[in-house]
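Whatever position you read off the sequence shown (first residue = 1), add 1098 for this note's numbering. No residue lacks a Cβ here, since even glycine has one placed at the ideal position from N, Cα and C.
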Amino acid sequence: MPTREVHCTEGVAWLASRKFGPEVAVVTSMPDSSEVPGLGFAGWRKWFTDTAALICRQLDDEGVAIFYQTDVKLDGRWVDKGFLVSTGAEAAGSSCLWHKVVCRAPAGIITFGRPAYAHLLCFSRNKRLEKGQAFADVLPRLGEMTWARAMGLEACEAIATFLTKHTATRTVVDPFCGVGTMLAVANDHGLDAIGVELSAKRAEKARHLQLK
């Protein structure tokens, strides 16, 4: 029976105190600037790239880190979170194994504040993929969201399928787990799950979220 544990604490400090083995993958969606307004935009950018680097550094050389991130606009300018994540991962010595696009709205739909797609990026220091391990570069649907800032269920399913088929992952860690969508999907795929969430209310939901 897959296990799940959720820690109600600050995710970066928790990460900094851990070092993961080859059986652990980190899958997360890091907060955007609106969720940490005290940092200011420049401070948030540094925090974001530094945290991506920390996640990659704490993994085993064969481990993978997967980030689900949606860009935003600030003062009419695009903030490319895929670039920021990649900058942090590169600083940690990790390479991009794949970069997928997840459709948040049907092709042809015009959006403004947020794009009609999200980034899904996977990094590792040593792991490399073979031809038979590829999957679609464009995911046509995000899937149902368990709360306003959740990763969509279809995106989570694609991640869990990749991890179980093509990596040594036995445990999924989400240091910004929200109400626990990725944790629940990981459990449904037979993987243990560990989440970290600063909000006590969301952490309690994450401990008990069931999708089936």
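In whole angstroms, what is the alpha-carbon distance linking residue 1198 and residue 1215? Counting from 1 along the sequence shown, the entry for residue 1198 is found at position 100. Counting from 1 along the sequence shown, the entry for residue 1215 is found at position 117. Whole-angstrom Cα-Cα distance: 10 Å.
Residues in the same chain with beta-carbon distance under 8 Å from residue 1171, minus the five sequence neighbours each way, listed in chain order, please. For the purposes of this step, residue 1171 is taken as the residue at position 73 of the sequence shown. The beta carbon of residue 1171 lies closer than 8 Å to those of 1177, 1210, 1211, 1212 in the same chain, with the five residues before and after it left out.
Taking residue 1245 as part of the alpha helix (DSSP H), name the residues at either end of that continuous run. What you label residue 1245 is simply residue 147 of the sequence shown in a count that begins at 1. Unbroken run through residue 1245: none, as it is neither H nor E.
Other residues of its chain near residue 1160: CB distance less than 6 Å, five sequence neighbours each side excluded: In the sequence shown, residue 1160 corresponds to position 62, counting from 1. Cβ neighbours of residue 1160 beyond the five flanking positions: 1120, 1224, 1225.
Does DSSP classify residue 1156 as helix, strand or coil? Residue mapping note: residue 1156 aligns to position 58 of the sequence shown, counting from 1. Three-state DSSP puts residue 1156 in a helix.
Reduced DSSP secondary structure (H/G/I, E/B, other) of residue 1254: Taking the first residue of the sequence shown as position 1, residue 1254 is located at position 156. Looking at residue 1254 - three-state DSSP - the assignment turns out to be helix.
Cα-Cα separation between residue 1169 and residue 1229, rounded to whole angstroms: For the purposes of this step, residue 1169 is identified with residue 71 of the sequence shown, where counting begins at 1. For the purposes of this step, residue 1229 is identified with residue 131 of the sequence shown, where counting begins at 1. Each residue's Cα considered, the two are about 29 Å apart.
With a CB to CB cut of under 6 Å and the five nearest residues on each side skipped, what residues in its chain are close to residue 1259? Locating residue 1259 in the sequence shown gives position 161, where the first residue counts as 1. Closer than 6 Å at Cβ, skipping near neighbours: no residue.
Alpha-carbon spacing of residue 1117 relative to residue 1167, whole angstroms: If you number the sequence shown from 1, residue 1117 lands on position 19. If you number the sequence shown from 1, residue 1167 lands on position 69. If you take the alpha carbons of residue 1117 and residue 1167, they lie about 24 Å apart.
State the beta-bridge partners of residue 1126 as determined by DSSP. On the sequence shown, residue 1126 is found 28 positions in, with the first residue counted as 1. BP columns for residue 1126 point to 1165.
Using only CA atoms, which one of 1191, 1282, 1137, 1238 lies nearest to residue 1205? Position 107 of the sequence shown, counted from the first residue, corresponds to residue 1205. Out of 1191, 1282, 1137, 1238, 1238 has the C-alpha closest to the C-alpha of residue 1205.
Nearest residue (CA-CA) to residue 1148, options 1256, 1103, 1242, 1181: Within the sequence shown, numbered from 1, the residue matching residue 1148 stands at position 50. Residue 1181 is the option with its Cα nearest to residue 1148.
Tell me the rounded alpha-carbon separation between residue 1174 and residue 1139. Position 76 of the sequence shown, counting from 1, holds the residue named residue 1174. Position 41 of the sequence shown, counting from 1, holds the residue named residue 1139. Going by the C-alpha atoms only, they are around 14 Å apart.
Whole-angstrom C-beta distance between residue 1109 and residue 1294, which should lie under 8 Å: As a first step, residue 1294 must be located in the sequence shown, where it is residue number 196. As a first step, residue 1109 must be located in the sequence shown, where it is residue number 11. About 4 Å separates the two Cβ atoms, so the contact holds.
Span separating the alpha-carbon of residue 1156 from that of residue 1114: Position 58 of the sequence shown holds residue 1156. Position 16 of the sequence shown holds residue 1114. Rounded to the nearest angstrom, the two C-alpha atoms are 8 Å apart.
From residue 1124 to residue 1274, what distance separates their C-alpha atoms? Along the sequence shown, read from residue 1 onward, the residue named residue 1124 stands at position 26. Along the sequence shown, read from residue 1 onward, the residue named residue 1274 stands at position 176. So the alpha carbons of these two residues sit roughly 10 Å apart.
Quick one: residues in its chain with C-beta nearer than 6 Å to the C-beta of residue 1217, no 5 flanking neighbours on either side, listed in chain order? As a working note, residue 1217 is residue 119 in the sequence shown. If we look at residue 1217 and ignore the five residues flanking it on each side, its Cβ neighbours are 1167, 1180.
Whose C-alpha, out of 1303, 1266, 1299, 1307, is nearest the C-alpha of residue 1370? Since the displayed the chain opens at 1099 and closes at 1310, residue 1370 lies outside it and no answer follows.
Residue 1187 and residue 1221 closer than 7 Å at C-beta: Locating residue 1187 in the sequence shown gives position 89, counting from the first residue. Locating residue 1221 in the sequence shown gives position 123, counting from the first residue. Result yes, Cβ atoms of residue 1187 and residue 1221 sit closer than 7 Å.
Start and end residues, alpha helix (DSSP H) containing residue 1185: For this step, residue 1185 is matched to residue 87 along the sequence shown. Start and end: 1179-1189.
Cβ-Cβ separation, residue 1266 to residue 1281 (assumed contact under 8 Å), whole Å: By 1-based counting over the sequence shown, the position of residue 1281 is 183. By 1-based counting over the sequence shown, the position of residue 1266 is 168. Going by Cβ atoms, the distance from residue 1281 to residue 1266 rounds to 19 Å, so no, they are not a contact pair.
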